[in-house]
Structure formats: structure tokens, C-alpha cells
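Asker: For the sequence shown, this note's numbering begins at 1 and goes up steadily by one.
The structure that follows is given in the form of C-alpha cells.
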Amino acid sequence: MEELLFGIGISAIAGALATVSGAAEDTESDIGSQGDPNSQVQLAPQMGYIHRIYSKAISGEPPAYGLWCTLGAGLAWALMAINYNPVLAIVLGSAIAVFVQGVYATTAYLGRTASLAKFEQPVYIDVIKSVTTVTMAHAFVAIFTCVAMCFLMVNALGHPFPLPLLGLVWGIALGAAGSATGNPFYGKERQYQSQAFGAGVPISASGNIVRYAEAGQRSSLDNGWFTSKMGGPASGVCFGLIVFLELWRTIFFEEFAAGWGAVIAGVVLILIFMIIDRYVEVWARKTYGPYTEEAEEASS
């Protein structure tokens with residue numbers, strides 16, 4: 001009984017760490033404009049819309065965070081192998097991984113902007129100075145909490161995978177959660193908030209992202225403030241639930257049917273969420289229906 005309660009407690013802590021990691025990952029991604037919405041940021045100067053949005057995408061979020069978390073976990077694992085304190089090892093490993101992330105972000109922004117020189121898109125030095133450091137700070141939180149979560153899985157729950165491999169697996173999952181959950185919020189609700197809600201983005205509006213904030217030109221820091229209110233927390237809850245339910249089903253059902261009990265429990269959970277998703281989709285379609293423009297008042 002004590003072992004079961006201990007496992008549930010570790011699952012809760014790991015889920016909490018994953019929630020923070022998911023929120024920080026999505027906020028970092030949207031500040032740096034990485035992931036699906038970045039295509040519109042890249043397209044904007046080609047359509048004549050000069051902007052001050054940071055563009056650091058060199059890959060999708062899953063492979064990017066797979067790399068960052070693997071670096072952090074691998075360095076922490078190496079430092080612990082030479083008797084470093086685990087907390088210090090995770091901090092140092094995450095910090096070094098963040099410096100690599102900062103180099104990638106800077107070179108990606110400069111390279112992407114240089115490729116747009118013929119469209120008169122300038123490189124803003126103040127954007128590099130302000131945004132790069134902010135993305136690195138958020139990336140550190142995301143990487144540190146993800147690596148700490150992996151450390152708990154290995155040392156508290158006895159996971160058979162080594163720490164670097166767990167960092168790769170959960171880093172990819174972290175990036176996928178943020179990309180699937182938070183990016184649509186940033187892409188449609190922030191970049192195209194001038195469009196009527198529910199109308200979608202017509203081809204004629206491609207690249208015509210919102211470039212001005214309440215006072216002056218919009219920067220990526222404005223996007224971070226916006227994302228941290230809903231897109232970031234939603235991504236955090238998504239990733240936190242993934243981690244918690246994954247560990248919960250393993251702890252409760254692994255002893256049944258030679259391990260197949262945990263597999264069956266996972267399949268049941270997936271089916272339950274599929275049913276809930278389908279119900280919400282049908283309800284939304286019946287309630288709101290297809291988008292229709294408001295009928296103009298008849299002229300008297």
C-alpha cells in the first residue's frame with residue numbers, strides 16, 4: 001500500500017512539473033514564432049507587410065524540444081555519473097542546453113531575415129537582444145522541469161530507460177503538446193485577430209498578420225503576454241495530463257496480466273477521450289453551425 005501511495009505521489013509531482021513545462025514551452029515557442037503559425041510570419045514580408053516578429057523556426061517543436069531535452073538530460077546524466085549533486089546536475093545540464101537553444105534561435109532569426117532582404121525586411125537589433133533572452137528563459141524552465149520529471153521516473157519509479165533516452169521521448173512529446181494545443185491559439189487568435197471570429201483566414205489575407213499593438217508596432221514579447229493567458233496554460237494542462245495519466249495507469253495496472261493490464265487501461269483511456277472529443281465537436285457544430293456573415297440591414 002505504501003509503495004502504491006508513493007507511486008501516486010510521484011505521478012502527481014511529475015504531472016505538476018509537466019504542466020509547468022508545457023506552459024513554458026508553448027509561451028517560448030510563440031514568442032519566438034516557431035511551429036505552424038511561423039509560416040505566416042515568414043510570408044508577411046513577401047506580401048509587403050514588414051513586421052517586428054521574431055522568427056526562429058528551424059524545425060517543428062517536437063524535434064526541437066527533443067534535442068533540447070536530450071541535451072539537458074544527457075549532460076545531467078553525465079554529471080551525475082561523476083558524483084555531481086542531482087539538482088545541480090539538472091540545472092547545469094539545462095543551462096548548457098539553453099545556450100545551444102539561444103545560438104540556434106539567433107542564427108535562425110538572422111538567417112531567415114537575411115533571406116527576406118529583397119523584400120526590405122530589416123534585422124532589428126533590439127528585437128534580437130530582447131526576445132532571444134526571453135525565449136531562453138522560458139526554454140530553461142521548460143527543459144529543467146522536463147528533465148526533472150524524467151529524473152523522477154528513473155530514480156523514484158525505476159523506469160528502465162536511461163535518462164537521456166527519456167529526455168528524447170518526453171521532449172518530443174512536450175513539443176508535440178505545445179504545437180497541437182497552443183499554436184492554433186497564437187496563429188488564429190493572435191496573428192489574425194482582425195478577422196471575424198470563426199471566419200477562418202482567406203487566401204487573400206495570407207501574410208497579412210496583425211503588426212500593431214495597443215501602442216506602436218507589435219513585437220514577439222506582446223505575443224508572449226497574450227499566449228501566457230490561455231494558450232500556454234492549455235498546453236501545460238495537456239502535457240501534464242499526458243504524463244500523469246501515463247504514470248497513473250502504469251502504477252495501478254502494471255501488475256495485472258503480466259503488464260498487459262496497463263496497456264489495456266491506456267487503450268480504454270484513449271477511447272474515452274475519443275468519445276469526449278467527438279461529443280464536444282458535434283455539440284459545437286450543432287450549437288454554432290457554419291460561419292455566416294452578418295446580414296446587412298436593409299436600406300430604408
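Note that beta-carbon positions come from the ideal geometry of N, C-alpha and C, so glycine has one too.
The structure displayed is predicted, hence computed values, not measured ones.
Which residue's Cα is closest to the Cα of V134: V123, A156, V98, Q121?
Answerer: For the residues V123, A156, V98, Q121, the minimum Cα distance to V134 belongs to V98.
Asker: Are the Cβ atoms of S21 and F244 separated by less than 7 Å?
Answerer: Cβ atoms of S21 and F244: not closer than 7 Å.
Asker: How big is the Cα-Cα spacing for T181 and A73?
Answerer: Each residue's alpha carbon lies about 25 Å from the other.
Asker: So the alpha helix (DSSP H) A142 belongs to, where does it begin and stop?
Answerer: First-last of the alpha helix (DSSP H) with A142: 125-155.
Asker: For V210, report the span of its alpha helix (DSSP H) as first-last.
Answerer: Premise fails: V210 is in no alpha helix (DSSP H) and is neither H nor E.
Asker: I'd like the span of the alpha helix (DSSP H) that includes M230, first residue to last.
Answerer: Counting along the chain, M230 falls outside any alpha helix (DSSP H), and DSSP gives it neither H nor E.
Asker: For I50, tell me which candidate among A81, A148, K118, G111 has the shortest Cα-Cα distance.
Answerer: Checked all of A81, A148, K118, G111; the closest Cα to I50 is K118.
Asker: If you drop the 5 nearest sequence neighbours on each side, which residues of the same chain put their C-beta closer than 6 Å to that of A156?
Answerer: Within the same chain, A156 has close Cβ partners I10.
Asker: According to DSSP, simplified to helix, strand and coil, what is V217?
Answerer: Just to set this straight, residue 217 is Gln in the shown sequence, not Val. DSSP places Q217 in strand when its eight states are reduced to three.
Asker: How would you label R285, buried or exposed, when you count the other beta carbons within 10 angstroms and need 16 or more for buried?
Answerer: Flag for R285 reads exposed.
Asker: Would K129 be called buried (16 or more neighbouring beta carbons within 10 Å of its own) or exposed?
Answerer: The residue in question, K129, is exposed, as its Cβ has fewer than 16 Cβ neighbours within 10 Å.
Asker: To which residues of the same chain is A24 closer than 6 Å at the C-beta, ignoring the five residues directly before and after it?
Answerer: Excluding residues within five positions, the ones whose Cβ falls inside 6 Å are H138, V141, A142.
Asker: I'd like the list of long-range same chain contacts for Y104, defined as Cβ closer than 7 Å, with 5 residues on each side in sequence excluded.
Answerer: Closer than 7 Å at the Cβ level, and outside the excluded window around Y104, lie I58.
Asker: Under DSSP, the alpha helix (DSSP H) around K286 begins and ends at which residues?
Answerer: Looking at the DSSP string, the run of the alpha helix (DSSP H) that includes K286 is 260-288.
Asker: In the DSSP assignment, find the unbroken alpha helix (DSSP H) run with R112 in it and report its ends.
Answerer: From DSSP, the alpha helix (DSSP H) with R112 extends over 86-115.
Asker: Give the C-beta separation of A205 and Y192 to the nearest angstrom, bearing in mind that I take them to be a contact with Cβ-Cβ under 8 Å.
Answerer: That pair is a contact at about 7 Å.
Asker: Out of curiosity, what's the CA-to-CA distance linking I13 and T70?
Answerer: In a straight line, the C-alpha of I13 is about 21 Å away from that of T70.
Asker: Express the C-alpha separation of V268 and L67 in angstroms, rounding to a whole number.
Answerer: Distance between the alpha carbons of L67 and V268 is about 31 Å.
Asker: Examine the Cβ distances between the region 108-125 and the region 75-82 and report whether three or more of them are shorter than 8 Å.
Answerer: Contact between the region 108-125 and the region 75-82 is absent, because fewer than three Cβ pairs lie under 8 Å.
Asker: Determine the contact status of D36 and N183, defining contact as a CB-CB distance below 7 Å.
Answerer: Result yes, Cβ atoms of D36 and N183 sit closer than 7 Å.
Asker: Could you give the distance in angstroms between the alpha-carbon of L4 and the alpha-carbon of G259?
Answerer: Their backbone Cα atoms lie some 16 Å apart in a straight line.
Asker: CB-CB under 8 Å to M47, same chain, minus the five flanking residues each way: which ones, in chain order?
Answerer: Only S206, G207, N208 meet the Cβ criterion.
Asker: Please classify D26 as buried or exposed, where buried requires at least 16 other C-beta atoms within 10 Å of its C-beta.
Answerer: Buried: at least 16 other Cβ atoms inside 10 Å.
Asker: Go through its chain and collect everything with a Cβ distance to H159's Cβ below 6 Å, but skip five positions before and after it.
Answerer: Excluding positions up to five away in sequence, the list reads M153.
Asker: Determine whether the beta carbon atoms of S29 and G178 lie at a separation below 7 Å.
Answerer: Result yes, Cβ atoms of S29 and G178 sit closer than 7 Å.
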